[in-house]
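If you want the numbering used here, it's the 1-based position in the sequence shown plus 4. Every residue gets a Cβ at the ideal spot worked out from N, C-alpha and C, and that includes glycine. From a predicted model like this one, the values you see are computed outputs, not experimental measurements. Here the structure is laid out as structure tokens; the discussion comes afterwards.
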Amino acid sequence: KRPGVSPHVRSDPSAAPVGVYSVVVERVIDGDTVAIAGWAHNIRIEGVDAPETRSQNAACPQEVELGIKASLSLQKRIEAAVRSGHAVQVELTPRWSYDRRVGSLLLDGRSVAALMIEQGIVTVYNQDSPTDWCSASPG
């Protein structure tokens, strides 16, 4: 128990105050969203725009293909960190997006968002100018 945390937060850690929390990633939803074991809400990785993985949300078939690649890359990155004994943490922000808590996913203290942007499988999130995945080159 953390002092000063309401009983609601203890039953739903995704409603916890801003801070850094050690977590177990239950599954990768897509390239910018993960489910955390024991948390009621998924975590939207802050600062990235990932292609959609479901055809009903994607603008074109290529976006789905790129989305699946981004999801698999994120999953492999998390699995490799866990196998190596690295800490997996979420740094929660006060923001929510589409019923997801926004936060940074950290592997051994390193931002997953930065690593994925560097790899070129996601882009920096820009609300005013979303990425056109249909024109992106399939890397």
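- The beta carbon of Q79 sits closer than 6 Å to the beta carbons of V32 from its chain, once the five residues preceding and following it are set aside; these are given in chain order.
- Using a Cβ distance threshold of 7 Å, I125 and V94 do not count as a contacting pair.
- In the structure shown, V28 adopts coil according to DSSP, grouped into three states.
- Across the set G23, S26, A39, E30, the C-alpha of A39 shows the shortest separation from the C-alpha of D103.
- Residue burial is scored here from C-beta neighbours: E83 has fewer than 16 other C-beta atoms within 10 angstroms and is therefore classed as exposed.
- Contact annotation: the region 14-23 does not touch the region 58-70, with fewer than three C-beta pairs closer than 8 Å.
- With fewer than 16 other Cβ atoms from the protein chains shown falling within 10 Å of its own Cβ, E122 counts as exposed.
- By the beta-carbon neighbour count (other beta carbons within 10 angstroms, threshold 16), A118 is exposed.
- Per DSSP, I82 is one residue of the alpha helix (DSSP H) stretching across 65-87.
- The criterion of a C-beta distance shorter than 7 Å is not satisfied by I49 and L96.
- Annotation for Q123: no beta strand (DSSP E) segment contains it, though the alpha helix (DSSP H) segment containing it runs 116-123.
- Between G35 and S75, the gap from beta carbon to beta carbon is short of 7 Å.
- Beta-bridge partners of I47 (DSSP): V38, R105.
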